[in-house]
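Using my numbering, read the sequence shown as starting at 3 and increasing by one per residue.
Glycine is no exception: its CB is placed at the ideal position from the N, C-alpha and C atoms.
The structure displayed is predicted, hence computed values, not measured ones.
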Amino acid sequence: MQAMVLNKLGSPLLWTELPDRQPGPGQIRVQVLACGVCRTDLHVVDGELPGPVLPIIPGHEIVGRIDAVGAGVQGLHLGERVGIPWLGHTCGACAYCRMQRENLCDHPVFTGFTRDGGYATAAIADARFAFPLGEGGSDVSLAPLLCAGLIGWRALRMAGEAKRLGLYGFGAAAHIIAQVARFQGRSVFGFTRAGDIGTQTFARSLGAVWAGGSEDTPPEPLDAAIIFAPVGALVPLALKAVRKGGRVVCAGIHMSDIPGFPYALLWEERELLSVANLTREDGIGFLREAPAMGIVTETTVYALEKANEALADLRGGRFHGAAVLVP
Ligand SMILES: [Zn+2]
Ligand SMILES: [Zn+2]
3 MQAMVLNKLG
13 SPLLWTELPD
23 RQPGPGQIRV
33 QVLACGVCRT
43 DLHVVDGELP
53 GPVLPIIPGH
63 EIVGRIDAVG
73 AGVQGLHLGE
83 RVGIPWLGHT
93 CGACAYCRMQ
103 RENLCDHPVF
113 TGFTRDGGYA
123 TAAIADARFA
133 FPLGEGGSDV
143 SLAPLLCAGL
153 IGWRALRMAG
163 EAKRLGLYGF
173 GAAAHIIAQV
183 ARFQGRSVFG
193 FTRAGDIGTQ
203 TFARSLGAVW
213 AGGSEDTPPE
223 PLDAAIIFAP
233 VGALVPLALK
243 AVRKGGRVVC
253 AGIHMSDIPG
263 FPYALLWEER
273 ELLSVANLTR
283 EDGIGFLREA
293 PAMGIVTETT
303 VYALEKANEA
313 LADLRGGRFH
323 GAAVLVP
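Spelled out as structure tokens, the structure:
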């Protein structure tokens with residue numbers, strides 16, 4: 003197999019020839035068909051997340067076809083197309099697993115972070131954490147659903163019944179969730195970097211009723227806001243934009259420090275919360291409902307060996323929607 007490997011934090015990924023791997027008990031091996039590039043991959047490469055296992059193959063938005071099955075695997079078969087997400091394994095025994103909050107498991111394995119991921123021609127996964135994808139939709143179009151879509155979906159559920167929903171940071175996740183929110187009859191307000199007219203136009207093209215800079219005041223107070231951008235300074239801005247009793251959901255895995263702000267921004271029962279990882283239930287629920295929502299993902303395709311270029315373009319905001327690597 004070949005892979006793009008991170009050997010040292012902060013350094014470029016290296017194209018590497020590796021021996022083929024065999025799935026262990028309960029595992030599957032897939033031939034990677036496409037793998038999305040997530041902002042979390044940038045945090046991994048930059049060393050912003052605690053506990054990476056190096057060397058590591060990043061990538062946790064994997065669309066693959068099963069080409070080897072380990073002992074004891076149930077419910078999946080050779081030749082089946084599956085999705086492999088960030089949550090790679092949970093212990094099943096800790097307090098969080100037992101209270102149906104496996105996203106908070108004390109002993110998790112994360113694809114592309116503590117277990118090799120999908121920036122490769124092949125990947126190994128725990129079969130119980132892979133999602134059957136069926137044959138509808140192209141490999142490339144489905145890849146961004148596996149994290150941007152799933153984490154966005156969890157964040158949207160956390161936002162509650164909000165009719166007027168603000169999305170801060172209009173990248174891969176927001177471009178999917180805007181479509182979901184619109185399908186659900188919500189009004190989407192898109193917030194981008196100040197003056198980023200291109201992304202504001204993109205947000206409107208996906209049905210946002212309003213788009214502007216993150217410092218702008220929306221035309222009406224929001225019921226809730228989801229912050230996808232890894233920028234702590236957005237927290238007080240979003241709190242300012244939501245109505246009394248409104249909710250601000252931080253959907254990213256990493257954020258720069260949140261600056262101090264007057265208590266008045268939080269007062270009147272505004273709520274501030276974060277989303278961590280996903281549960282399998284999130285994945286199954288979202289992937290079951292996604293086809294009916296008519297989600298169209300905007301993707302920029304890169305060859306696997308161009309992964310560093312894709313990451314650099316993500317960092318530089320040089321594409322709309324999501325980047326996807328294809329071996
Ligand atoms: Zn656990
Ligand atoms: Zn991700």
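Contact between the stretch 168-180 and the stretch 225-238 is present: three or more C-beta pairs spanning the two stretches fall below 8 Å.
Collapsing the DSSP output to three states places Q29 in a strand. The straight-line gap separating the alpha-carbon atoms of L8 and T42 is approximately 14 Å. In the DSSP assignment, H45 falls within the unbroken alpha helix (DSSP H) covering R41 to D48. Runs of the alpha helix (DSSP H) lying entirely within the stretch 261-302 and spanning at least 4 residues, in chain order: 282-295.
Sequence-distant Cβ neighbours of V182 in its own chain, meaning closer than 6 Å and more than five residues away, are M295. Within its own chain, the residues whose Cβ lies closer than 7 Å to the Cβ of S276, once the five positions on either side in sequence are excluded, are C252, listed in chain order. For M6, the enclosing beta strand (DSSP E) covers residues Q4 to V7. Between the stretch 84-91 and the stretch 120-131 there are three or more C-beta pairs closer than 8 Å, enough to call the two in contact. Taking the Cα positions, P110 is about 16 Å away from I58. For L147, there is no enclosing alpha helix (DSSP H), since its DSSP letter is neither H nor E. DSSP lists no bridge partner for F230. For A278, the shortest C-beta to heavy atom distance toward ligand 1 is 8 Å or greater. Look at Y170 here: in three-state DSSP terms it is strand. Along the stretch 70-121, the beta strand (DSSP E) occurs as fully enclosed runs of 3 or more residues at 83-86 and 89-91, listed in sequence order. Environment of ligand 2, chain-ordered: C40, T42 and C149, taking every residue with Cβ within less than 5 Å of a heavy atom. Distance from the CA of E271 to the CA of E163, rounded to the nearest whole angstrom, comes to 16 Å.
Out of D118, L35 and G53, the CA that lies nearest to the CA of G81 is found in L35. For A309 against Y121, the beta-carbon gap comes to about 5 Å, under 8 Å, which counts as contact.
By the criterion of a C-beta distance shorter than 7 Å, R206 is surrounded in its chain by A213, once the five residues flanking it on both sides are discounted.
Burial is judged here by how many other beta carbons sit within 10 angstroms of a residue's own beta carbon; V65 has at least 16 and is buried.
I255 carries a coil assignment under DSSP once its states are collapsed to helix, strand and coil.
D108 has its CB nearer than 8 Å to a heavy atom of ligand 1.
Beta-bridge annotation (DSSP): F133 is paired with G85. By the criterion of at least three beta-carbon pairs nearer than 8 Å, the stretch 95-106 is not in contact with the stretch 285-303. Burial is judged here by how many other beta carbons sit within 10 angstroms of a residue's own beta carbon; D22 has fewer than 16 and is exposed. Not one heavy atom of ligand 1 is found less than 8 Å from the C-beta of C37.
I179 is a Cβ neighbour of G151, given a cutoff of 9 Å. Distances taken from the Cβ of C252 to the heavy atoms of ligand 1 include none shorter than 8 Å. Counting along the chain, D315 sits inside the alpha helix (DSSP H) bounded by residues A309 to R317.
Exposure of T219 is indicated by the presence of fewer than 16 other C-beta atoms within 10 angstroms of its C-beta.
Three or more Cβ pairs drawn from the stretch 14-28 and the stretch 67-75 lie within less than 8 Å of each other, which places the two stretches in contact. Residue pairing for F191: DSSP places it in a beta bridge opposite G168 and W212.
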